[in-house]
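Here's the structure, in C-alpha coordinates; my notes come after.
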(Lines of atoms letter the chains of each structure in order from A; the text may use other names.)
(Lines give C-alpha, C1' and ligand atoms only; values in the text may rest on other atoms or scores of the structure.)
Protein backbone atom coordinates (compact mmCIF):
# COMPACT_ATOMS: atom_id res chain seq x y z
CA UNK A 188 0.00 0.00 0.00
CA UNK A 189 2.76 2.44 0.96
CA UNK A 190 5.54 3.30 -1.46
CA UNK A 191 7.69 5.15 1.08
CA UNK A 192 7.47 6.98 4.42
CA UNK A 193 9.54 10.18 4.53
CA UNK A 194 10.73 11.72 7.79
CA UNK A 195 11.05 15.48 8.27
CA UNK A 196 14.64 16.76 8.40
CA UNK A 197 14.96 19.90 10.54
CA UNK A 198 16.99 23.05 9.83
CA UNK A 199 17.46 25.97 12.23
CA UNK A 200 17.28 29.32 10.43
CA UNK A 201 18.62 31.48 13.22
CA UNK A 202 15.97 30.72 15.81
CA UNK A 203 13.23 29.65 13.39
CA UNK A 204 12.98 25.92 12.66
CA UNK A 205 12.03 24.62 9.23
CA UNK A 206 11.36 20.95 8.44
CA UNK A 207 12.28 19.66 4.96
CA UNK A 208 10.23 16.77 3.56
CA UNK A 209 10.61 17.04 -0.24
CA UNK A 210 12.82 16.59 -2.12
CA UNK A 211 14.07 13.36 -0.56
CA UNK A 212 16.93 11.28 -1.89
CA UNK A 213 14.67 8.28 -2.52
CA UNK A 214 11.64 10.29 -3.63
CA UNK A 215 12.24 13.58 -5.40
CA UNK A 216 8.63 14.45 -6.27
CA UNK A 217 4.99 13.54 -5.65
CA UNK A 218 3.07 14.44 -8.79
CA UNK A 219 4.30 17.97 -9.61
CA UNK A 220 5.20 18.69 -5.96
CA UNK A 221 8.99 19.01 -5.82
CA UNK A 222 9.46 20.83 -2.51
CA UNK A 223 7.61 20.67 0.82
CA UNK A 224 8.74 22.54 3.93
CA UNK A 225 7.09 22.88 7.34
CA UNK A 226 7.61 26.38 8.74
CA UNK A 227 7.44 25.98 12.51
CA UNK A 228 5.57 25.48 14.72
CA UNK A 229 7.29 28.25 16.64
CA UNK A 230 6.48 30.96 19.14
CA UNK A 231 7.90 34.23 17.83
CA UNK A 232 8.70 36.83 20.52
CA UNK A 233 8.04 40.53 19.92
CA UNK A 234 11.01 42.30 18.39
CA UNK A 235 12.39 39.28 16.51
CA UNK A 236 15.49 40.33 14.55
CA UNK A 237 15.21 41.05 10.84
CA UNK A 238 17.78 38.32 10.27
CA UNK A 239 14.90 35.89 10.86
CA UNK A 240 13.18 37.20 7.70
CA UNK A 241 13.75 35.63 4.30
CA UNK A 242 15.38 38.35 2.19
CA UNK A 243 14.66 38.75 -1.54
CA UNK A 244 15.77 35.70 -3.53
CA UNK A 245 14.98 34.32 -7.01
CA UNK A 246 13.00 31.44 -8.50
CA UNK A 247 12.44 30.00 -11.97
CA UNK A 248 10.35 27.15 -13.38
CA UNK A 249 7.96 26.63 -10.47
CA UNK A 250 5.01 27.90 -8.48
CA UNK A 251 5.24 28.39 -4.72
CA UNK A 252 2.24 27.65 -2.50
CA UNK A 253 2.33 29.37 0.89
CA UNK A 254 -0.32 28.26 3.40
CA UNK A 255 -0.40 29.09 7.11
CA UNK A 256 -2.06 27.37 10.06
CA UNK A 257 -1.06 30.18 12.46
CA UNK A 258 0.83 33.44 12.28
CA UNK A 259 1.42 36.02 9.59
CA UNK A 260 3.96 36.81 6.88
CA UNK A 261 4.36 39.67 4.41
CA UNK A 262 5.10 38.69 0.82
CA UNK A 263 6.72 41.15 -1.59
CA UNK A 264 7.78 40.25 -5.11
CA UNK A 265 9.32 41.70 -8.24
CA UNK A 266 5.95 42.01 -10.01
CA UNK A 267 5.12 44.75 -7.46
CA UNK A 268 2.80 42.66 -5.26
CA UNK A 269 2.76 43.18 -1.50
CA UNK A 270 0.46 40.75 0.34
CA UNK A 271 0.01 39.92 4.01
CA UNK A 272 -0.40 36.13 4.29
CA UNK A 273 -2.72 34.88 7.03
CA UNK A 274 -4.03 31.44 8.10
CA UNK A 275 -6.28 29.56 5.70
CA UNK A 276 -5.55 31.70 2.64
CA UNK A 277 -3.87 30.43 -0.52
CA UNK A 278 -0.95 32.41 -1.86
CA UNK A 279 0.21 31.09 -5.23
CA UNK A 280 3.28 32.64 -6.84
CA UNK A 281 4.33 31.54 -10.32
CA UNK A 282 7.99 32.17 -11.03
CA UNK A 283 8.01 31.15 -14.68
CA UNK A 284 10.99 32.72 -16.44
CA UNK A 285 12.10 34.51 -13.29
CA UNK A 286 10.83 36.25 -10.16
CA UNK A 287 12.26 37.38 -6.84
CA UNK A 288 10.39 37.72 -3.56
CA UNK A 289 10.85 38.17 0.17
CA UNK A 290 8.99 36.79 3.18
CA UNK A 291 9.12 38.99 6.24
CA UNK A 292 7.62 38.72 9.71
CA UNK A 293 6.55 42.36 9.91
CA UNK A 294 3.38 41.79 11.96
CA UNK A 295 4.88 39.23 14.31
CA UNK A 296 7.89 41.46 14.84
CA UNK A 297 5.59 44.07 16.33
CA UNK A 298 3.48 41.88 18.62
CA UNK A 299 4.93 38.33 18.61
CA UNK A 300 2.86 35.17 18.39
CA UNK A 301 2.74 31.64 16.98
CA UNK A 302 3.96 30.76 13.49
CA UNK A 303 3.14 27.53 11.67
CA UNK A 304 2.57 26.67 8.05
CA UNK A 305 3.67 24.91 4.89
CA UNK A 306 5.45 26.13 1.83
CA UNK A 307 5.35 23.82 -1.17
CA UNK A 308 6.64 24.15 -4.71
CA UNK A 309 5.10 22.60 -7.80
CA UNK A 310 7.19 22.25 -10.94
CA UNK A 311 5.65 23.87 -13.98
CA UNK A 312 4.97 21.75 -17.07
CA UNK A 313 7.77 22.02 -19.63
CA UNK A 314 5.67 24.21 -21.95
CA UNK A 315 4.99 26.68 -19.10
CA UNK A 316 8.46 26.94 -17.56
CA UNK A 317 9.11 30.30 -19.28
CA UNK A 318 5.69 31.82 -18.59
CA UNK A 319 5.40 35.37 -17.21
CA UNK A 320 5.77 35.63 -13.41
CA UNK A 321 2.55 36.12 -11.48
CA UNK A 322 1.04 36.12 -7.96
CA UNK A 323 -2.50 35.20 -6.91
CA UNK A 324 -4.08 35.51 -3.46
CA UNK A 325 -7.24 33.61 -2.50
CA UNK A 326 -8.66 34.30 0.99
CA UNK A 327 -9.77 31.37 3.14
CA UNK A 328 -13.45 32.08 2.47
CA UNK A 329 -12.95 31.67 -1.28
CA UNK A 330 -11.65 28.08 -1.00
CA UNK A 331 -14.08 25.12 -1.09
CA UNK A 332 -14.71 23.39 2.24
CA UNK A 333 -16.27 20.04 3.04
CA UNK A 334 -16.64 17.56 5.89
CA UNK A 335 -18.80 15.46 8.16
CA UNK A 336 -18.45 13.07 11.08
CA UNK A 337 -15.51 14.77 12.75
CA UNK A 338 -13.83 15.80 9.47
CA UNK A 339 -13.39 19.40 8.35
CA UNK A 340 -11.35 20.06 5.21
CA UNK A 341 -10.41 22.80 2.77
CA UNK A 342 -9.41 22.29 -0.85
CA UNK A 343 -6.45 24.63 -1.27
CA UNK A 344 -5.61 23.96 -4.91
CA UNK A 345 -6.57 21.73 -7.80
CA UNK A 346 -9.44 19.24 -7.90
CA UNK A 347 -10.50 16.61 -5.35
CA UNK A 348 -13.65 15.06 -3.88
CA UNK A 349 -15.77 16.57 -6.68
CA UNK A 350 -14.62 20.11 -5.84
CA UNK A 351 -12.40 22.61 -7.66
CA UNK A 352 -10.27 25.37 -6.16
CA UNK A 353 -10.41 28.84 -7.80
CA UNK A 354 -6.61 28.90 -8.08
CA UNK A 355 -5.19 28.50 -11.57
CA UNK A 356 -2.96 25.45 -11.81
CA UNK A 357 -1.03 24.46 -14.91
CA UNK A 358 -1.12 20.69 -14.40
CA UNK A 359 -3.56 18.27 -12.71
CA UNK A 360 -3.01 18.26 -8.93
CA UNK A 361 -4.71 18.40 -5.55
CA UNK A 362 -3.76 20.01 -2.24
CA UNK A 363 -6.02 19.64 0.82
CA UNK A 364 -5.88 20.76 4.47
CA UNK A 365 -7.89 18.40 6.70
CA UNK A 366 -8.69 18.53 10.43
CA UNK A 367 -9.90 15.25 11.96
CA UNK A 368 -11.32 14.54 15.41
CA UNK A 369 -10.25 11.37 17.20
CA UNK A 370 -11.48 8.36 15.24
CA UNK A 371 -12.60 10.36 12.19
CA UNK A 372 -11.83 8.82 8.82
CA UNK A 373 -11.21 9.97 5.26
CA UNK A 374 -9.95 8.51 2.01
CA UNK A 375 -7.46 9.91 -0.45
CA UNK A 376 -8.77 11.66 -3.59
CA UNK A 377 -9.22 9.35 -6.56
CA UNK A 378 -8.15 9.92 -10.14
CA UNK A 379 -4.58 11.09 -9.48
CA UNK A 380 -1.47 9.15 -10.43
CA UNK A 381 0.59 10.03 -7.33
CA UNK A 382 -0.70 10.79 -3.84
CA UNK A 383 0.73 11.50 -0.40
CA UNK A 384 -0.31 12.56 3.10
CA UNK A 385 1.73 14.71 5.49
CA UNK A 386 0.90 14.45 9.21
CA UNK A 387 1.05 18.03 10.48
CA UNK A 388 -0.37 17.29 13.95
CA UNK A 389 -1.44 14.23 15.89
CA UNK A 390 -1.31 10.73 14.45
CA UNK A 391 -2.90 8.89 11.56
CA UNK A 392 -3.52 5.15 11.33
CA UNK A 393 -3.25 3.41 7.96
CA UNK A 394 -3.49 -0.35 7.57
CA UNK A 395 -3.19 -0.89 11.32
CA UNK A 396 0.02 1.15 11.64
CA UNK A 397 0.21 4.56 13.32
CA UNK A 398 2.26 7.42 11.88
CA UNK A 399 3.03 10.50 14.03
CA UNK A 400 3.51 14.17 13.23
CA UNK A 401 6.25 14.92 10.74
CA UNK A 402 5.80 11.84 8.54
CA UNK A 403 4.88 11.99 4.85
CA UNK A 404 3.22 8.81 3.56
CA UNK A 405 3.53 8.28 -0.18
CA UNK A 406 1.12 5.69 -1.58
CA UNK A 407 1.41 3.35 -4.51
CA UNK A 408 -0.87 4.01 -7.46
CA UNK A 409 -4.24 2.31 -7.52
CA UNK A 410 -4.63 1.79 -3.77
CA UNK A 411 -7.53 3.23 -1.77
CA UNK A 412 -6.28 3.67 1.81
CA UNK A 413 -8.44 4.82 4.70
CA UNK A 414 -6.87 7.44 6.98
CA UNK A 415 -8.02 7.25 10.61
CA UNK A 416 -7.18 9.97 13.12
CA UNK A 417 -5.68 9.04 16.47
CA UNK A 418 -6.55 12.04 18.60
CA UNK A 419 -7.03 15.48 17.07
CA UNK A 420 -5.11 15.26 13.80
CA UNK A 421 -4.14 17.69 11.03
CA UNK A 422 -3.29 16.33 7.59
CA UNK A 423 -2.08 17.82 4.32
CA UNK A 424 -3.04 15.72 1.29
CA UNK A 425 -1.17 16.32 -1.96
CA UNK A 426 -0.42 14.82 -5.35
CA UNK A 427 -1.29 14.85 -9.02
CA UNK A 428 0.15 13.94 -12.38
CA UNK A 429 3.94 13.82 -12.87
CA UNK A 430 5.40 16.55 -15.09
CA UNK A 431 8.67 14.72 -15.82
CA UNK A 432 12.13 14.76 -14.30
CA UNK A 433 13.39 18.07 -12.97
CA UNK A 434 16.75 19.53 -11.99
CA UNK A 435 16.76 21.55 -8.77
CA UNK A 436 19.50 23.81 -7.45
CA UNK A 437 18.99 26.32 -4.66
CA UNK A 438 15.69 28.04 -5.59
CA UNK A 439 15.76 27.10 -9.27
CA UNK A 440 13.78 24.27 -10.92
CA UNK A 441 13.96 23.34 -14.59
CA UNK A 442 13.70 20.46 -17.03
CA UNK A 443 17.04 21.66 -18.43
CA UNK A 444 20.30 21.83 -16.52
CA UNK A 445 21.61 24.61 -18.78
CA UNK A 446 18.57 26.75 -17.86
CA UNK A 447 19.56 26.56 -14.20
CA UNK A 448 23.07 27.69 -15.12
CA UNK A 449 21.53 30.64 -16.96
CA UNK A 450 19.38 31.52 -13.91
CA UNK A 451 22.47 31.47 -11.69
CA UNK A 452 24.20 33.89 -14.06
CA UNK A 453 21.10 36.09 -14.28
CA UNK A 454 20.82 36.44 -10.49
CA UNK A 455 24.52 37.11 -10.06
CA UNK A 456 24.37 39.80 -12.77
CA UNK A 457 21.20 41.46 -11.43
CA UNK A 458 19.06 40.54 -14.43
CA UNK A 459 16.24 39.24 -12.20
CA UNK A 460 14.71 42.37 -10.64
CA UNK A 461 14.21 42.85 -6.91
CA UNK A 462 10.82 43.61 -5.33
CA UNK A 463 10.17 47.36 -5.74
CA UNK A 464 9.24 47.65 -2.03
CA UNK A 465 12.09 45.48 -0.75
CA UNK A 466 15.26 46.16 -2.73
CA UNK A 467 17.74 47.23 -0.04
CA UNK A 468 19.12 43.76 0.53
CA UNK A 469 18.97 40.30 -1.04
CA UNK A 470 20.36 36.77 -0.74
CA UNK A 471 23.45 36.40 -2.96
CA UNK A 472 24.00 33.40 -5.17
CA UNK A 473 25.38 30.71 -2.82
CA UNK A 474 28.69 30.19 -4.62
CA UNK A 475 29.91 27.94 -1.83
CA UNK A 476 27.06 25.54 -2.66
CA UNK A 477 27.71 25.54 -6.40
CA UNK A 478 28.65 21.85 -6.35
CA UNK A 479 25.77 20.76 -4.10
CA UNK A 480 22.42 20.79 -5.96
CA UNK A 481 20.07 21.20 -3.01
CA UNK A 482 17.62 24.07 -2.39
CA UNK A 483 17.66 26.54 0.46
CA UNK A 484 16.15 25.39 3.79
CA UNK A 485 13.33 27.83 3.07
CA UNK A 486 12.21 29.39 -0.19
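In the working numbering, the protein residues as written are 188 to 486. Backbone N, C-alpha and C fix where the C-beta goes; we use that ideal spot for every residue, glycine too.
Beta-ladder partner(s) of residue i, from DSSP
i: residue 289; result: 263
i: residue 281; result: 250, 321
i: residue 235; result: In DSSP, residue 235 forms no bridge with anything.
i: residue 302; result: 229
i: residue 399; result: 390
i: residue 224; result: 207, 306
i: residue 436; result: 439
i: residue 413; result: 374
Per-residue DSSP class, three states only, for residue i
i: residue 248; result: coil
i: residue 486; result: Its pLDDT being 40, under 50, residue 486 is placed unreliably by the model, and nothing is read from it.
i: residue 190; result: strand
i: residue 420; result: strand
i: residue 332; result: strand
i: residue 197; result: strand
i: residue 357; result: coil
i: residue 295; result: helix
i: residue 214; result: strand
i: residue 340; result: strand
Residue i versus the options, residue with shortest Cα-Cα distance
i: residue 462; options: 207, 250, 198, 270; result: 270
i: residue 272; options: 188, 284, 290; result: 290
i: residue 366; options: 288, 335, 214, 355; result: 335
Close-in-space but distant-in-sequence residues of the same chain around residue i (CB under 6 angstroms, 5 per side omitted)
i: residue 197; result: 204, 206
i: residue 313; result: 442
i: residue 246; result: 282, 286, 438
i: residue 310; result: 219, 221, 249, 430, 433, 440
i: residue 419; result: 389
Residue-chain proximity (residue i, chain C), Cβ-Cβ < 8 angstroms
i: residue 199; result: The displayed structure is made up of one protein chain only, and chain C is not part of it.
Beta-carbon contacts of residue i that lie in its chain and below 7 angstroms, excluding the five residues immediately before and after
i: residue 293; result: 261
i: residue 330; result: 277, 341, 342, 343, 352
i: residue 464; result: 263, 269
Own chain partners of residue i with C-beta closer than 8 angstroms, once the 5 adjacent residues on each side are dropped
i: residue 413; result: 372, 373, 374, 393
Looking at C-beta atoms only, is the number of pairs between the region 298 to 312 and the region 250 to 268 that lie closer than 8 angstroms three or more?
-> Look at the beta carbons and you see the region 298 to 312 touching the region 250 to 268: at least three pairs across the two are nearer than 8 angstroms.
Meets three-Cβ-pair contact criterion under 8 angstroms: the region 235 to 243 and the region 439 to 448 = The region 235 to 243 is not in contact with the region 439 to 448.
Please determine if the region 375 to 389 and the region 453 to 470 are in contact, where contact requires at least 3 C-beta pairs separated by less than 8 angstroms.
-> Note that the region 375 to 389 does not touch the region 453 to 470; fewer than 3 beta-carbon pairs, one per stretch, sit closer than 8 angstroms.
Could you tell me whether the region 279 to 293 touches the region 317 to 331, where touching means 3 or more Cβ pairs closer than 8 angstroms?
-> Yes, since at least three Cβ pairs between the region 279 to 293 and the region 317 to 331 fall closer than 8 angstroms, the two stretches touch.
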